[in-house]
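Student: Going by my numbering, the first residue of the sequence shown is number 6, and it counts up by one from there.
Built from N, CA and C at the ideal position, the CB exists for glycine as well.
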Amino acid sequence: MDVIRKNFGLKLLAVGLAIVGWAYFRFATNPFLASGPVDQQLSVPIVSANLPTGYVAHFTDREAVVTVATKRGESGIKPDEIKAVLDLSNKGEGIYNVPVQLVAPEVAVQSLSPASVTLTIERLEEHAFPIVVHYVGSPSRGVVVNGVRVRPSIATVRAATSAQISGVHVDVELPGEAETIDEMARPIAVDASGGEIAGALVSPNLVRVQMRFVTAAAK
6 MDVIRKNFGL
16 KLLAVGLAIV
26 GWAYFRFATN
36 PFLASGPVDQ
46 QLSVPIVSAN
56 LPTGYVAHFT
66 DREAVVTVAT
76 KRGESGIKPD
86 EIKAVLDLSN
96 KGEGIYNVPV
106 QLVAPEVAVQ
116 SLSPASVTLT
126 IERLEEHAFP
136 IVVHYVGSPS
146 RGVVVNGVRV
156 RPSIATVRAA
166 TSAQISGVHV
176 DVELPGEAET
186 IDEMARPIAV
196 DASGGEIAGA
206 LVSPNLVRVQ
216 MRFVTAAAK
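1) In or out: Ala203 buried (at least 16 other Cβ within 10 Å) or exposed?
2) If you compare alpha carbons, which of Val149, Ala113, Ser116, Ser171 is closest to Gly200?
3) Can you list, in chain order, the stretches of the beta strand (DSSP E) that have 3 or more residues and sit fully within the region 145-173?
4) Going by DSSP in three states, Asp176 sits in which element: helix, strand or coil?
5) What residue range does the beta strand (DSSP E) around Arg213 cover?
6) Straight-line CA distance for Lys88 to Tyr101?
7) Answer with buried or exposed for Val153, where buried requires no fewer than 16 other C-beta atoms within 10 angstroms of its C-beta.
8) Quick one: what does DSSP say Glu86 is sitting in, helix, strand or coil?
9) Do Glu131 and Thr166 have their C-beta atoms within less than 7 Å of each other?
10) With a 10 Å radius around its C-beta and 16 neighbouring C-beta atoms as the bar for buried, classify Leu206 as buried or exposed.
11) Taking 6 Å as the limit between beta carbons, can you name the residues of its chain near Ser208, skipping five residues before and five after?
12) Where does Leu211 land, buried or exposed, given buried means 16+ other C-beta within 10 angstroms?
13) Can Gln115 and Ala74 be called in contact, C-beta distance under 7 Å?
14) Assign Ile159 to one of two classes, buried (16 or more other C-beta atoms within 10 Å of its C-beta) or exposed (fewer than that).
15) May I ask which residues mark the beginning and end of the beta strand (DSSP E) holding Ala62?
16) Find the nearest neighbour of Gln169 within the set Ser48, Glu68, Thr220, Ser198, judged by alpha-carbon distance.
17) Taking only the alpha-carbon atoms, compute the straight-line gap between Asp44 and Pro57 and give it to the nearest angstrom.
18) If the criterion is Cβ atoms closer than 7 Å, does the pair Leu179 and Pro144 meet it?
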């Protein structure tokens, strides 16, 4: 018994290390266990493809969560190696439920969410609007506008048929004193409340705004 009790802690540690070493060589080097599949979860953007010219697609699901199986010891799949695609070939105006198609290397897909996306396709229309100057800020007392010139003065707006376009304007900051403004500004399509309409394409994308602000006495 004294032989066993002598340096009992060291002997116990040696036994523990021996068990750990055996387990490593038994399992980690086993080609069947070491190469077993490992689930990898990725988040990839959902994009549309093959939409006919002159149409726009609206959908809210912008990302898909994909779970794939990879082998142990191999490098994982990178998110940019997988594409989640909505094929909109030969689709006109309407509401559709389109399956999400994965374009990816040869991997075993365990799950995909969402598996399909509900979307609306609308026709794009073009309309011409005069460009109106929209003043931003509080007017300075005694400073008035003496002349305004916007070139070009007409903008073409391309937007979905459901877009409620009220007009096109450019924002100009009101100065605190008399000065002359000559700058490039971005025209935006707005609704009746003055809010910008998302997705509307305005051409040209920049216009030249020339304005002169003077004191009321100099007018």
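Tutor: Reading it off the structure:
1) exposed
2) Residue Ser171 is the option with its Cα nearest to Gly200.
3) 148-156, 159-165
4) DSSP, reduced to helix, strand and coil, places Asp176 within a strand of the structure shown.
5) Boundaries of the beta strand (DSSP E) harbouring Arg213: 212-220, taken from the DSSP string.
6) 20 Å
7) exposed
8) helix
9) no
10) exposed
11) Thr161
12) exposed
13) yes
14) Exposed is the call here.
15) For Ala62, the enclosing beta strand (DSSP E) begins and ends at 60-63.
16) Ser198
17) 37 Å
18) yes
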